Each structure stands twice: as structure tokens, then as C-alpha cells.
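Residue numbers (the working numbering), protein chains in the order written: chain A, 6 to 84; chain B, 483 to 837.
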């Protein structure tokens, strides 16, 4: 599984990263979380407003901080 | 001492309501409803008009401006709307306009608001025209927008809510009319706290009737977030401006005759100098206002002041570098030149009218 967080480093992006890591820890998974900060990279995903969460190339959330429960659901769907 | 005066005169009556408005916009206005006008298939007319005013809704933090700009440019409506948004985003936010009007006078606030909207559209159209060939080769792809949530409120209710907030701001910050003036203004001034109180009661009912508890909490949180982000910067800006530039009647580190020589009066040179230096300098959110207050006190002309306000917040060396990474050196240079030239012209016009 591949998880990416798109965002230019604002506080919302940091909260999103924390929630993703918490969700992974609660699900007992050890997955690398990549942060994408380059605006051109972010635009390539078709994401206009950050933070965004990408799981295996699929855009899961845009422009908001998803909560831990929501992220766990995405991870479980995947497995 | 200057900080205390700032706090007393401006913060309580003017900035706090403005922060609540900014918070309400960030939380209650649906970003998706605005973003859909930036898609590749959106009508150009709407893309430009929405881009020129959407700074009020989308761009309260500069970190959201650049990804949005890159997205609109590469995937969405193209270079015109993208640069229109890039300019309007930082230039037109509610807090900046309110603070400008309050401290530098409503004429300057109004000139700034009108200038920012007009400039955004003109910049976008010019960029789209200059680079029309490149734009045709762009590939538009799938874009992802935040989901539109059903909030259980009508558009009218949201409009009334915003209107009430704005009215509270206007009456709470209502300036004392000049001595001896008659008519409506002194009457309004005498009654301003009663009107404000009445409006607050109305606001209370709206909040109770139309919003759920979570929304009220996120509203207060985002308002506090803005305050925490912006007050330290603003305080620092006031202090620095005070030390370097002094205020009317007090001289300071930078002698007044330098300022009068560089940006005094309303010459082409003064306006150009103000817009170029505004374009290169980085102003943290809102700090341009106390700095300009200092400069105006030290003899800067009103025209150059507007030039600096129009060129300043949208451009800075650091953000030029990022923009350059997105659309290349040539387009970035064109973007900066357009803004500097238009700011200079607007400054000279305003200087000629306002004296």
C-alpha cells in the first residue's frame, strides 16, 4: 500500500499527516507515508485544494482534515 | 505605547468582528461551490469573475493559494483565470480590506478593493492574450474537488448571516463624526452600541436556529486560529513601523526627507518606485497596513501608497520563485510587469484624485 499526503506544509497538512499515522498505528500497519509538497506534483493529481490524501493513486480526500476513523475505513477497504 | 493604542482603537471594534467574518467564510462557505468554476470546461466569463473575488472565500492563508493556482493553470480553466486568482487571492481578503479602510481611511480601503478586483480580471485577460498559443496546448484532466455537503441551510439564510456579521462590523467600528456635523451621522454614532447590541441578539438567534453545535464550534476555532496566526505578525509590523518610520509629529530612525524624496508627492517616479519595491518585498498578512501608516505619516504620497498596496501583497521575491517553477520565467516576468505597470497607473490616478 502506498499513502501520499499532498500539501504545502500548512498546519492543516500536518494535522492530516498525524491522523493518517494514528490510523495506521491503530490498524497495526507499518506503511510508509510520503509527503508531497511541490505544487506542480500536487497539481498532477488534479488536486486543487490541499491537504489531500492519496491511497494507491486514488484521491481519497481533498481540502479537509479527514478524521482517524475515516482513514481507517479507507485502509480496511483496501485490504 | 503604540501597540496599546492599536489595541484600543482598532482591535476591539474592528478587527475582532473582521476575524469572525473571516472565520465564518472559511467554515460556512462551500469551497466546492466556488472551485467548480475553475474547471477546464467552466464558462470563461464565470471563471474570470469568480477568480477575481474568490480571494475573499478561498485564500485566507497563502499556503492554499499556490496549489490552487498550479491546479487551475495545469488542469483547470487555464492561465487567465489562474493568474487572476493568483493576484486576487492575497490582495482582496476581508481582513486586509477592513484594516486598510479603518486605519488608512475608507477611501483607501475602497480604492484597494476596487483596484484588486479590476486588476485581477485585467491581469488574467492580458496573460491569456499574451500566451494564448501555449494555453491551447495544455491538457485538461480529471480534477478532484471537495464534496459538497448538504448543510441544511438555504442560500438566503447564509447571506443574511453574513450580512448581519458585516453590519455588526460597520456599526461597532463606526467612526465619531466631525465636530459640529449634523444630520444622520451623529444620530447613528450616538446609537451605535444599541444597534450593535440589537444585531448581536439577532445573530444569536440565527446561530441557534440555523446552525448545529459542531458548526458553531468550528467557527469559533477557525476564528481563533486566524487570530493566533495573524496577531503576532501584526504586532511585530506595528512595532517595526513605529521604530523605523515614526508617526506624525515623532521622527524616527529613517529620516523623513528620504521618504519624501523617494515616495512623496505623486510623480511617475514615486509611484513606480512604490510599486516595484512593493512587488519585491514580502509583507506578512496585514503588516502592510501599519507600515503604510508610518510611511504616510512620514510624507509618502497617497498615490504611491495605493501603488504599494496593489503591488505589495500579491507579489514578493519568494512567491515569484514558486510561480516561476509553475509557469516558467517568461510568464512570471510578464505577470510581474503587468502588475507593476497597472499599480503605478492606478497610484497616479488615485493620487491625482485624492491629492
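Every residue, glycine too, gets a C-beta built ideally from N, C-alpha and C. Keep in mind it's a predicted model, so treat the numbers as computed, not measured.
For residue i and residue j, what's the separation of their Cα atoms in angstroms?
i	j	result
residue 760 (chain B)	residue 6 (chain A)	47 Å
residue 684 (chain B)	residue 646 (chain B)	8 Å
residue 534 (chain B)	residue 828 (chain B)	17 Å
residue 578 (chain B)	residue 597 (chain B)	13 Å
residue 831 (chain B)	residue 590 (chain B)	13 Å
residue 527 (chain B)	residue 560 (chain B)	13 Å
residue 834 (chain B)	residue 708 (chain B)	36 Å
residue 764 (chain B)	residue 756 (chain B)	13 Å
residue 45 (chain A)	residue 552 (chain B)	6 Å
residue 697 (chain B)	residue 691 (chain B)	12 Å
residue 750 (chain B)	residue 836 (chain B)	16 Å
residue 500 (chain B)	residue 43 (chain A)	32 Å
residue 30 (chain A)	residue 47 (chain A)	26 Å
residue 741 (chain B)	residue 758 (chain B)	15 Å
residue 693 (chain B)	residue 505 (chain B)	15 Å
residue 68 (chain A)	residue 75 (chain A)	15 Å
residue 738 (chain B)	residue 806 (chain B)	36 Å
residue 580 (chain B)	residue 665 (chain B)	25 Å
residue 592 (chain B)	residue 700 (chain B)	31 Å
residue 550 (chain B)	residue 676 (chain B)	43 Å
residue 713 (chain B)	residue 525 (chain B)	39 Å
residue 702 (chain B)	residue 638 (chain B)	22 Å
residue 695 (chain B)	residue 689 (chain B)	9 Å
Strictly by DSSP, which residues pair up with residue i?
i	result
residue 669 (chain B)	For residue 669 (chain B), which the question treats as bridged, DSSP gives no partner whatsoever.
residue 798 (chain B)	According to DSSP, which records beta bridges pairwise, residue 798 (chain B) is partnered with nothing at all.
residue 11 (chain A)	A:41, A:57
Which of helix, strand or coil does DSSP assign to residue i?
i	result
residue 36 (chain A)	coil
residue 780 (chain B)	coil
residue 596 (chain B)	helix
residue 626 (chain B)	strand
residue 54 (chain A)	coil
residue 63 (chain A)	strand
residue 694 (chain B)	coil
residue 768 (chain B)	coil
residue 574 (chain B)	coil
residue 656 (chain B)	coil
residue 523 (chain B)	coil
residue 27 (chain A)	helix
residue 763 (chain B)	coil
residue 636 (chain B)	coil
residue 737 (chain B)	coil
residue 753 (chain B)	helix
residue 534 (chain B)	helix
residue 616 (chain B)	helix
Excluding five sequence neighbours on each side, which residues of the same chain lie with their C-beta closer than 6 Å to the C-beta of residue i?
i	result
residue 40 (chain A)	10
residue 556 (chain B)	none
residue 49 (chain A)	none
residue 65 (chain A)	58, 79
residue 608 (chain B)	820
residue 787 (chain B)	774, 778
residue 20 (chain A)	70
residue 791 (chain B)	594
residue 871 (chain B)	There is no way to answer for residue 871 (chain B), as the model of chain B reaches only from 483 to 837.
Under 7 Å Cβ to Cβ from residue i, same chain only, skipping five residues before and after it: list those, please.
i	result
residue 640 (chain B)	510
residue 655 (chain B)	495, 496, 584
residue 818 (chain B)	761, 797, 802
residue 563 (chain B)	520, 529, 530, 533, 554, 606
residue 682 (chain B)	650
residue 783 (chain B)	745, 746, 747, 748, 752, 833
residue 612 (chain B)	816
residue 565 (chain B)	605, 606, 609, 817
Would you kindly check if the distance between the Cβ of residue j and the Cβ of residue i is under 8 Å?
i	j	result
residue 537 (chain B)	residue 503 (chain B)	no
residue 51 (chain A)	residue 626 (chain B)	yes
residue 24 (chain A)	residue 73 (chain A)	yes
residue 53 (chain A)	residue 517 (chain B)	yes
residue 16 (chain A)	residue 548 (chain B)	no
residue 576 (chain B)	residue 507 (chain B)	yes
residue 754 (chain B)	residue 826 (chain B)	yes
residue 772 (chain B)	residue 720 (chain B)	yes
residue 604 (chain B)	residue 824 (chain B)	yes
residue 22 (chain A)	residue 36 (chain A)	no
residue 686 (chain B)	residue 723 (chain B)	no
Report all residues from its chain with a CB closer than 8 Å to the CB of residue i; omit the five preceding and five following residues, and keep chain order.
i	result
residue 62 (chain A)	7
residue 32 (chain A)	77, 80, 81
residue 794 (chain B)	760, 761, 763, 765, 770
residue 678 (chain B)	650, 653, 654
Any heavy atom of the ligand ADP closer than 7 Å to the beta-carbon of residue i?
i	result
residue 24 (chain A)	In the structure shown, the ligand ADP is absent, as is every other ligand, since no ligand is present at all.
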